[in-house]
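Enquirer: My structure is below; once you've seen it, I'll send some questions.
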Amino acid sequence: MKMGFSKSSPKLLLAVLCLAGWASVADGQVTPEQQALIRAAVPDQPRGEVKKPRRLLIWSRSIGFQHASIPHGAFATREMGERTGAWETTETTDIRMLLPENLQA
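Here the working numbering runs 546 ahead of the position in the sequence shown, where the first position is 1.
This is the structure we're talking about:
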């Protein structure tokens, strides 16, 4: 028996993220209602076996216009990693996090 994503899960998650982006408030924060929608779309288990949790860096620095859906995507990614245990998410806008010495495992 397969566990994890169904064939419709990616489409559902994409739809939730799109709707969350369009419905976001002016300051780009994820509202509690949007968090609930995203959590409902995130799978409970990983698709495959998690042998070792990975580290995932979300770098979202914007100069000028920052799309309102960026916090929603980061929230969904963090939630998915926490729920499935597949990765630990670090979110930052600090460009120094992309230096080789900061990217080493």
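In this text, a Cβ means the ideal position worked out from N, Cα and C, and glycines have one as well.
Which partner residues does leucine 603 have in the DSSP bridge list?
Expert: Thr636
Enquirer: Closest to isoleucine 509 by C-alpha separation, out of Glu647, Gln575, Leu649 and Ile641, would be which residue?
Expert: In the structure as shown, the chain starts at 547 and stops at 651, and residue 509 therefore has no counterpart that could be examined.
Enquirer: Can you tell me where the alpha helix (DSSP H) holding phenylalanine 621 begins and where it ends?
Expert: 616-630
Enquirer: Contact between the stretch 573-582 and the stretch 591-607 is defined here as three or more beta-carbon pairs at a separation below 8 Å; is this criterion met?
Expert: No: the two stretches stay apart, fewer than three of their Cβ pairs being nearer than 8 Å.
Enquirer: Would you check if the distance between the CB atom of threonine 630 and the CB atom of arginine 601 is smaller than 8 Å?
Expert: Not in contact: threonine 630 and arginine 601 (Cβ atoms no closer than 8 Å).
Enquirer: Using DSSP with H/G/I as helix, E/B as strand and the rest coil, what is leucine 645?
Expert: coil
Enquirer: Taking only three categories from DSSP, how would you classify glutamine 650?
Expert: coil
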